[in-house]
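Undergrad: Here it is, the structure, as structure tokens.
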Amino acid sequence: MIRDALLLQLGYNATLVTIGATFLGVAAGVTGTFLFLRKRALVSDAISHATLPGVGLAFMLMVALGGDGRSLPGLLLGSAISAGIGLLCVSWLTRRTRLAEDAAIGAVLSVFFGFGIVLLTIIQTMSAGRAAGLEGFLLGSTAGMLRNDALVIAVGGALTLALVVLLRRPMGLVAFDAEFAAASGVNVQRIDLAIMGLAMAVTVVGLKIVGLILIVAMLIIPPVTARFWTDRTDHMALISGLCGGLSAWVGAALSATAPALPTGPVIVLASFALFAVSLFFAPNRGVMAAVLRQLRFQRRVHMRQGLLALAQSQPIYERFTLKLLRRAGLAHADGVATTAGRARAAKALRDEKRWELVRADQAFESAAALYDGLREIETVLTQDQIAEIDQRIGGPKGALV
Amino acid sequence: MTIELITEQGASQIDLKPEDCPLMVRGMTVSYGQKPVVFSVDLTVHQESMTAIIGPNGAGKSTLLKAALGIVKPLAGRTFVYGNSLAKQRHRIAYVPQRASVDWDFPTRVIDVVLMGLYRELGLLGRVRKSHEAKAIACLERVGMVDFADRQIGQLSGGQQQRVFLARALAQGADLYLLDEPFAGVDAATEKAIINVLKGLKAEGKTVVAVHHDLTTVAEYFDRVFMINTRKIAEGSVEEAFTSENLSKAYGGRLATGQIDQLDLAAV
Amino acid sequence: MIGEEFVALSLTPLLIGVFSAIACALPGNFLVLRKQALIGDAISHVVLPGIVVAFLLTGVVAAWPMMIGAAAASVVAVVLIEAVRRLGRIEPGAAMGLVFTTMFAAGVLVLEQTDTSSVHLDVEHALYGNLESLIWLDAMGWHSLFDPAALSGLPSELPRIAITLICVSLFTWVFWRPLKLSTFDEGFAQTMGLPTGLIGLALVIVAAVAAVAAFDAVGSIIVIAMFICPPAAARLMTNQLERQIAWSVLFAIVSAVLGYVLAGYGPLWLGSQNAVSAAGMIATVSGVILALTAIFGPCRTRLGAPST
Numbered sequence: 001m002i003r004d005a006l007l008l009q010l011g012y013n014a015t016l017v018t019i020g021a022t023f024l025g026v027a028a029g030v031t032g033t034f035l036f037l038r039k040r041a042l043v044s045d046a047i048s049h050a051t052l053p054g055v056g057l058a059f060m061l062m063v064a065l066g067g068d069g070r071s072l073p074g075l076l077l078g079s080a081i082s083a084g085i086g087l088l089c090v091s092w093l094t095r096r097t098r099l100a101e102d103a104a105i106g107a108v109l110s111v112f113f114g115f116g117i118v119l120l121t122i123i124q125t126m127s128a129g130r131a132a133g134l135e136g137f138l139l140g141s142t143a144g145m146l147r148n149d150a151l152v153i154a155v156g157g158a159l160t161l162a163l164v165v166l167l168r169r170p171m172g173l174v175a176f177d178a179e180f181a182a183a184s185g186v187n188v189q190r191i192d193l194a195i196m197g198l199a200m201a202v203t204v205v206g207l208k209i210v211g212l213i214l215i216v217a218m219l220i221i222p223p224v225t226a227r228f229w230t231d232r233t234d235h236m237a238l239i240s241g242l243c244g245g246l247s248a249w250v251g252a253a254l255s256a257t258a259p260a261l262p263t264g265p266v267i268v269l270a271s272f273a274l275f276a277v278s279l280f281f282a283p284n285r286g287v288m289a290a291v292l293r294q295l296r297f298q299r300r301v302h303m304r305q306g307l308l309a310l311a312q313s314q315p316i317y318e319r320f321t322l323k324l325l326r327r328a329g330l331a332h333a334d335g336v337a338t339t340a341g342r343a344r345a346a347k348a349l350r351d352e353k354r355w356e357l358v359r360a361d362q363a364f365e366s367a368a369a370l371y372d373g374l375r376e377i378e379t380v381l382t383q384d385q386i387a388e389i390d391q392r393i394g395g396p397k398g399a400l401v
Numbered sequence: 001m002t003i004e005l006i007t008e009q010g011a012s013q014i015d016l017k018p019e020d021c022p023l024m025v026r027g028m029t030v031s032y033g034q035k036p037v038v039f040s041v042d043l044t045v046h047q048e049s050m051t052a053i054i055g056p057n058g059a060g061k062s063t064l065l066k067a068a069l070g071i072v073k074p075l076a077g078r079t080f081v082y083g084n085s086l087a088k089q090r091h092r093i094a095y096v097p098q099r100a101s102v103d104w105d106f107p108t109r110v111i112d113v114v115l116m117g118l119y120r121e122l123g124l125l126g127r128v129r130k131s132h133e134a135k136a137i138a139c140l141e142r143v144g145m146v147d148f149a150d151r152q153i154g155q156l157s158g159g160q161q162q163r164v165f166l167a168r169a170l171a172q173g174a175d176l177y178l179l180d181e182p183f184a185g186v187d188a189a190t191e192k193a194i195i196n197v198l199k200g201l202k203a204e205g206k207t208v209v210a211v212h213h214d215l216t217t218v219a220e221y222f223d224r225v226f227m228i229n230t231r232k233i234a235e236g237s238v239e240e241a242f243t244s245e246n247l248s249k250a251y252g253g254r255l256a257t258g259q260i261d262q263l264d265l266a267a268v
Numbered sequence: 001m002i003g004e005e006f007v008a009l010s011l012t013p014l015l016i017g018v019f020s021a022i023a024c025a026l027p028g029n030f031l032v033l034r035k036q037a038l039i040g041d042a043i044s045h046v047v048l049p050g051i052v053v054a055f056l057l058t059g060v061v062a063a064w065p066m067m068i069g070a071a072a073a074s075v076v077a078v079v080l081i082e083a084v085r086r087l088g089r090i091e092p093g094a095a096m097g098l099v100f101t102t103m104f105a106a107g108v109l110v111l112e113q114t115d116t117s118s119v120h121l122d123v124e125h126a127l128y129g130n131l132e133s134l135i136w137l138d139a140m141g142w143h144s145l146f147d148p149a150a151l152s153g154l155p156s157e158l159p160r161i162a163i164t165l166i167c168v169s170l171f172t173w174v175f176w177r178p179l180k181l182s183t184f185d186e187g188f189a190q191t192m193g194l195p196t197g198l199i200g201l202a203l204v205i206v207a208a209v210a211a212v213a214a215f216d217a218v219g220s221i222i223v224i225a226m227f228i229c230p231p232a233a234a235r236l237m238t239n240q241l242e243r244q245i246a247w248s249v250l251f252a253i254v255s256a257v258l259g260y261v262l263a264g265y266g267p268l269w270l271g272s273q274n275a276v277s278a279a280g281m282i283a284t285v286s287g288v289i290l291a292l293t294a295i296f297g298p299c300r301t302r303l304g305a306p307s308t
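Just so you know, the protein sequences line up as chains P, S and F, in that order. Take the first sequence: its position 193, counted from the start at 1, is 193 in the numbering used here, and no numbers get skipped. Take the second sequence: its position 170, counted from the start at 1, is 170 in the numbering used here, and no numbers get skipped. Take the third sequence: its position 92, counted from the start at 1, is 92 in the numbering used here, and no numbers get skipped.
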């Protein structure tokens with residue numbers, strides 16, 4: 001059954017929804033990358049919650065005009081308009097008042113949502129509302145979806161993806177370095193608007209599948225996941241799109257296999273699984289790699305500090321330092337150096353002296369910039385250069401003052 | 001070889017015991033990520049001195065101060081305050097953070113900020129009495145800001161903000177004053193007011209340590225210098241340590257020789 | 001008699017609404033000033049999974065296990081957010097969004113997977129509460145306030161939120177100075193020996209407790225409006241923290257009372273028979289108050305350079 005679902009063998013509607021969701025997932029992942037890089041990930045939360053009053057008003061308007069109110073394109077249009085107004089409110093509050101963006105986002109999302117709930121309770125009492133099923137927009141529901149709705153989602157997903165692909169260059173430029181982009185003639189404000197607009201498109205198209213509370217996850221989790229694997233903007237957008245598409249595909253397909261597997265939560269949890277794996281096991285930024293690196297680094301620092309203290313016969317105040325030195329056979333328990341320790345300490349101190357000269361000499365400026373207290377001098381200078389410096393130090397017996 | 005080098009690397013400090021000085025830092029290393037910004041630094045602050053911590057941008061001046069105060073967590077290193085652990089001697093320390101480190105849009109008045117310096121005295125629920133307010137006003141008086149007591153802090157200029165921070169530190173009634181770039185971006189009048197207050201503190205027998213960036217005023221304002229560029233470069237009285245040789249060690253190519261010559265160097 | 005009907009049908013929901021609004025607004029002031037307003041967002045979303053897990057563990061729909069479950073979920077969420085932020089070096093906004101959506105999704109999934117149809121636990125209720133249903137059927141009029149038999153029939157939400165409000169107020173009062181100082185100048189607070197990390201965590205836990213207690217009445221999303229709107233509006237009215245708190249309490253009360261009245265009687269005035277969601281209306285009113293202060297508030301603009 002699961003295999004059938006993943007291979008799109010579960011009927012026409014389910015297939016359309018899965019394809020639409022996958023397109024949407026890719027588009028959300030790529031758009032989310034730019035939101036994330038602009039440090040505005042949670043603006044999407046305001047956008048998504050602000051769709052609710054639009055859905056309600058569109059429904060009421062369509063009923064008032066004599067329709068049945070449940071036409072998906074109409075509802076989506078309404079949601080897009082109110083999300084746009086919510087977005088304007090956030091930027092107005094941030095620019096015109098002293099409130100910070102987080103407060104503006106929180107205020108807009110909760111107030112719009114509250115107003116939306118008021119509208120929903122009105123609709124529930126309208127005669128046409130008995131089976132409106134607008135609650136489906138809160139958490140998404142693909143069960144019993146009409147063929148036309150599935151088509152709207154598939155086409156909407158494809159269109160959003162196409163737009164994202166079209167705009168990826170200027171968006172990447174702005175996300176990476178807004179000032180440089182502005183200097184090279186890109187209209188930053190307009191691109192920011194495009195990023196927001198795309199986030200809105202993703203939200204609106206995803207509303208019916210994932211629901212307005214969880215659609216945020218599709219915009220946030222994939223870029224965060226991608227960040228672990230690369231430092232380059234374009235690669236990040238690509239990986240994020242892949243993660244988004246993959247989790248949407250798996251989520252939509254899995255949820256088609258059983259009634260108690262709501263699409264939105266399954267997509268989000270699939271996305272989170274990818275994130276969790278990345279968080280721990282990514283080669284460079286992953287937690288495991290970082291912990292190992294930090295431990296090694298701390299040892300190096302303590303070791304080097306210990307050697308320098310030994311060389312200058314200073315007391316060692318840190319127990320960890322002394323422990324490391326003892327374990328390496330470089331010092332006794334009372335902090336006095338062993339023979340081997342004395343030799344290593346002398347070398348460490350000599351390197352310090354060499355570095356000191358290097359850093360005071362303009363001729364070595366580029367090498368001096370690499371100094372961090374730990375780097376072996378042999379890794380930045382040639383043997384000849386080191387010999388030259390040693391000559392200046394004047395050898396072990398030379399004048400040092 | 002080791003023997004010679006010991007005499008070279010500030011042997012005079014070894015005699016000083018932690019309890020002899022207001023602030024002693026040993027083996028301090030702080031790194032952001034994998035890059036140490038302060039590496040194995042020893043700092044010894046003498047009683048009743050005015051010490052300038054100088055060094056190029058990004059050399060770890062502020063980080064050293066913050067690590068000594070426990071605001072950033074060091075990778076290694078110990079701090080002694082009057083020979084004791086930091087936790088036991090906090091009441092003897094007053095700290096003036098960088099002006100840019102707080103949100104000046106915070107809804108509070110000048111007098112409230114100065115009263116924050118008395119929080120230890122006030123405790124959790126102690127009432128602010130007339131005597132506390134009088135003390136806060138007196139501190140504002142010392143920095144020439146008494147007319148601004150009821151102003152909202154966001155209305156102040158940069159120099160005025162700095163003076164309010166100094167007044168708050170005065171209110172703490174400490175023995176050791178640590179200031180992070182107190183003269184950064186302030187007007188001349190403020191600079192003068194601040195240095196007069198600091199010299200007054202020294203005259204009262206207090207100890208002052210300041211992160212400083214203006215080399216031209218070091219000799220005029222301070223009596224001791226601590227020079228850092230990730231490592232300690234030099235430490236001592238202005239005459240001993242504030243030399244062109246040390247400056248070129250600390251600043252490398254970043255400070256042209258001509259600039260060094262223009263400085264009022266005490267001993268060259 | 002009008003008093004009878006009012007005490008029985010409106011007094012308790014009104015009080016619960018007012019108490020919830022104040023209990024949320026008090027910690028909300030500090031969250032807004034610390035630029036952590038969205039912590040309120042995160043907390044309120046994870047209340048649902050907390051309640052679901054509590055239900056699964058205990059098998060009953062009872063108030064206390066659910067409150068404990070929700071509070072525990074908030075703490076888990078805050079710890080996870082910090083962990084993701086630090087371990088992954090991810091900016092706080094994204095870390096928050098990641099954690100609370102995942103926990104919410106897990107909550108919904110578990111809820112769908114377990115058979116909770118027999119008990120009163122559904123997602124919509126969790127999202128927007130049911131203030132109107134918290135009526136006091138035993139009340140016969142104002143004199144019932146002194147009648148122990150009638151008092152024992154009070155909806156249990158009322159004493160719960162009242163106790164919560166007292167705790168939140170006490171916390172704010174006792175820790176006023178550490179809260180203010182660590183919010184304004186964390187570095188300085190540390191040099192005075194204040195455990196700023198602990199204070200921040202305590203604030204979040206207090207906010208979570210308030211959110212959980214208010215959750216019964218108004219649901220999880222509208223709690224966010226109570227955290228953010230009254231304090232944000234209050235910030236635009238004054239430049240002094242003490243007065244800001246007072247304004248925020250006033251705005252919270254006005255939102256709750258006006259919102260409840262408009263939801264209950266507004267539709268009647270418009271000729272409709274059915275009331276609308278009181279919680280939704282409270283959020284709407286608080287939004288209108290914020291909009292008004294953003295346009296007319298005496299301290300609405302920044303004084304100095306914009307803080308980044």
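Positions of the beta carbon are idealized from the N, C-alpha and C atoms, including for glycine.
1) Are at least three pairs of beta-carbons, each pair with one atom in the segment 151 to 164 of chain F and one in the segment 32 to 52 of chain F, less than 8 Å apart?
2) Extract the residue ranges of the alpha helix (DSSP H) inside the segment 186 to 244 of chain P, only unbroken runs of 4 or more that lie entirely within it.
3) What number of angstroms, rounded off, separates the C-alpha of Gly-341/P from the C-alpha of Gly-77/S?
4) In chain order, what residues of the same chain have a beta carbon less than 6 Å from the beta carbon of Gly-153/F, not counting five sequence neighbours either side?
5) For a contact defined as C-beta to C-beta under 8 Å, what are the partners of Phe-59/P on chain F?
6) Quick one: does Arg-302/F have its CB under 7 Å from some CB of chain P?
7) Run through chain P and tell me which residues come within less than 8 Å of Asp-105/S, C-beta to C-beta.
8) Tell me the DSSP bridge mates of Arg-96/P?
9) Between Met-50/S and Val-113/S, what straight-line distance do the alpha-carbon atoms span, to the nearest angstrom?
10) Within the segment 323 to 353 of chain P, note down every full beta strand (DSSP E) run reaching 3 residues or more, in order along the chain.
11) How is the alpha helix (DSSP H) around Glu-235/S delimited, first residue to last?
12) Quick check on Phe-248/S - is its C-beta less than 7 Å from some C-beta in chain P?
13) Does the beta-carbon of Ser-278/P have 16 or more other beta-carbons within 10 angstroms, so that it is buried, or is it exposed?
14) Would you kindly work out how many angstroms separate the C-alpha atoms of Thr-7/S and Arg-26/S, rounded to a whole number?
15) What residue from Leu-134/P, Phe-320/P and Trp-229/P has the CA that sits closest to Ala-289/P's CA?
16) Grouping DSSP H, G and I as helix and E and B as strand, with all else coil, what is Gln-36/F?
17) How far does the beta strand (DSSP E) with Asp-180/S in it extend, from its first residue to its last?
18) Within a Cβ cutoff of 6 Å, which residues of the same chain sit near Ile-53/S, ignoring the five residues on either side of it in sequence?
19) Would you give the residue range spanned by the alpha helix (DSSP H) that Phe-242/S belongs to?
20) Chain P beta carbons: is any one of them nearer than 7 Å to that of Leu-75/S?
21) In the DSSP assignment, what are the bridge partners of Pro-36/S?
22) Any beta carbon of chain S sitting closer than 7 Å to that of Met-192/F?
23) Give every residue of the same chain whose Cβ lies closer than 7 Å to the Cβ of Pro-27/F, excluding the five residues on either side of it in the sequence, and list them in chain order.
24) Among residues of its own chain, excluding the 5 on either side of Ala-58/P, which ones have a beta-carbon nearer than 6 Å to its beta-carbon?
25) Helix, strand or coil for Leu-139/P, going by three-state DSSP, please let me know.
26) To the nearest whole angstrom, what separates the beta carbons of Leu-109/F and Pro-262/P, a pair I think is in contact under 8 Å?
27) Bridge partners of Asn-84/S, per DSSP?
28) How long is the line joining the alpha carbons of Gly-144/S and Lys-180/F, rounded to whole angstroms?
29) Touching or not, the segment 169 to 189 of chain S and the segment 86 to 101 of chain S, by the rule of three or more beta carbon pairs under 8 Å?
30) For Pro-280/S, return the contacting residues in chain P, with the cut-off set at a CB-CB distance below 9 Å.
TA: According to the data block:
1) In short, these stretches do not touch, since the Cβ pair count stays below three.
2) Counting only runs of 4 or more, we get 188 to 210 and 215 to 227.
3) For this step, residue 341/P is matched to residue 341 along the first sequence. For this step, residue 77/S is matched to residue 77 along the second sequence. Answer to the nearest angstrom: the Cα atoms are 21 Å apart.
4) Position 153 of the third sequence, counted from the start, is the residue given in the question as residue 153/F. Excluding residues within five positions, the ones whose Cβ falls inside 6 Å are Asp-138.
5) Residue numbering aside, residue 59/P sits at position 59 when the first sequence is read from its first letter. Among the residues of chain F, none has a CB under 8 Å from the CB of Phe-59/P; the nearest is roughly 15 Å distant.
6) For this step, residue 302/F is matched to residue 302 along the third sequence. For Arg-302/F, at least one C-beta of chain P is nearer than 7 Å to its own C-beta.
7) In the second sequence, counting from the first residue as 1, residue 105/S sits at position 105. Simply Arg-98.
8) By one-based count along the first sequence, residue 96/P stands at place 96. Beta-bridge partners of Arg-96/P (DSSP): none assigned.
9) Within the second sequence, residue 50/S is the residue found at index 50, counting from 1. Within the second sequence, residue 113/S is the residue found at index 113, counting from 1. Straight-line Cα distance between these residues: approximately 25 Å.
10) If we require 3 residues or more, the segment 323 to 353 of chain P turns out to have no beta strand (DSSP E) run fully inside it.
11) Taking the first residue of the second sequence as position 1, residue 235/S is located at position 235. From DSSP, Glu-235/S is part of no alpha helix (DSSP H) but of the beta strand (DSSP E) over 231 to 237.
12) Locating residue 248/S in the second sequence gives position 248, where the first residue counts as 1. What sits at residue 248/S in the sequence shown is Ser, not Phe. Answer yes: the Cβ-Cβ gap between Ser-248/S and chain P drops below 7 Å somewhere.
13) Taking the first sequence and counting its residues from 1, one reaches residue 278/P at position 278. Buried, by the Cβ-count rule.
14) For the purposes of this step, residue 7/S is taken as the residue at position 7 of the second sequence. For the purposes of this step, residue 26/S is taken as the residue at position 26 of the second sequence. Its pLDDT being 36, under 50, Thr-7/S is placed unreliably in this model, and the value from its coordinates should be taken loosely. The straight-line gap from Cα to Cα measures roughly 18 Å.
15) Translated into positions along the first sequence, residue 289/P becomes position 289. Per the Cα distances, Trp-229/P.
16) In the third sequence, counting from the first residue as 1, residue 36/F sits at position 36. For Gln-36/F, the three-state secondary structure derived from DSSP is coil.
17) The residue you call residue 180/S lines up with position 180 of the second sequence. Run containing Asp-180/S: 176 to 180, per the beta strand (DSSP E) assignment.
18) Here residue 53/S refers to the residue found at position 53 of the second sequence. Closer than 6 Å at Cβ, skipping near neighbours: Lys-61, Val-211 and Phe-226.
19) Within the second sequence, numbered from 1, the residue matching residue 242/S stands at position 242. Unbroken run through Phe-242/S: none, as it is neither H nor E.
20) Your numbering for residue 75/S matches position 75 in the second sequence. At least one chain P Cβ lies under 7 Å of Leu-75/S.
21) Numbered from 1 along the second sequence, position 36 holds the residue referred to as residue 36/S. DSSP links Pro-36/S through a beta bridge to Ser-31/S.
22) By 1-based counting over the third sequence, the position of residue 192/F is 192. Yes, its Cβ sits closer than 7 Å to a Cβ of chain S.
23) Working through the third sequence from its first residue, we reach residue 27/F at position 27. Closer than 7 Å at the Cβ level, and outside the excluded window around Pro-27/F, lie Val-168, Leu-203, Val-206, Ala-207 and Ala-210.
24) Locating residue 58/P in the first sequence gives position 58, where the first residue counts as 1. Around Ala-58/P: Gly-74, Leu-75 and Gly-78.
25) Start at 1 with the first residue of the first sequence, and residue 139/P comes out as number 139. DSSP places Leu-139/P within a helical segment (H, G or I) once states are collapsed to three.
26) Counting from 1 along the third sequence, the entry for residue 109/F is found at position 109. Counting from 1 along the first sequence, the entry for residue 262/P is found at position 262. Yes, they are in contact, since the Cβ atoms of Leu-109/F and Pro-262/P sit about 7 Å apart, within 8 Å.
27) As a first step, residue 84/S is located in the second sequence; it is residue number 84 there, counting from the start. Paired residue(s): Val-81/S.
28) Here residue 144/S corresponds to residue number 144 of the second sequence, with the count starting at 1. Here residue 180/F corresponds to residue number 180 of the third sequence, with the count starting at 1. As the crow flies, the alpha-carbon of Gly-144/S is around 25 Å from that of Lys-180/F.
29) In short, these stretches touch, since the Cβ pair count reaches three.
30) Because chain S in this structure spans residues 1 to 268, residue 280/S falls outside the shown range and cannot be described.
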